[in-house]
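So in the numbering used here, the last spot in the sequence shown is 119, and the numbers never skip. Where is the CB? At the ideal position from N, CA and C, for every residue including glycine.
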Amino acid sequence: MSGTDTELKKQPIRETKQKERVQLDFTPEALQRLEDIQHMVGATTRAEVIRNAIRLYAWFISETKPTSTISITDEKGNPTSVFKASLLHDAMVQK
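This is the structure:
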């Protein structure tokens with residue numbers, strides 16, 4: 025477990041209703057990206073895409089360190105993309 029994982033788990037879970045509405049402001053470009061992803065993955069709602077993105081981001085942060093290198097490979101094992109995990113970890117500290 026990384027230090028970040030511990031930090032994520034230390035946060036108290038808010039006592040709320042079963043669901044709570046959250047309003048987000050998107051630029052037209054960001055909204056188009058969200059809708060493109062929705063269609064690519066067959067999500068029924070934009071909220072579903074955002075929930076899945078949050079789940080994936082939380083997993084990524086808990087499973088990697090900023091110094092980790094991520095390699096995406098094709099079905100034959102050939103790397104198609106390589107990047108430092110700091111690309112997404114750094115977003116946590118930027119203001």
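Asked                                                                                   : Found
Residues near S26 by beta carbon distance below 7 Å, same chain, minus five either side : Note that S26 has pLDDT 47, beneath the 50 cutoff, so the model's placement of it is unreliable and the number below is only indicative. Hits under 7 Å: S86 and K89.
Cβ neighbour criterion (16 or more within 10 Å) applied to V46                          : exposed
Per-residue DSSP class, three states only, for P90                                      : coil
In DSSP terms, what V106 is bridged to                                                  : S95
Burial state of V73, where buried means 16 or more other Cβ atoms lie within 10 Å       : buried
Proximity below 8 Å, CB of L58 to CB of R70                                             : yes
Cα-Cα separation, M64 to L55                                                            : 14 Å
Pairwise C-alpha distance: I61 and T68                                                  : 11 Å
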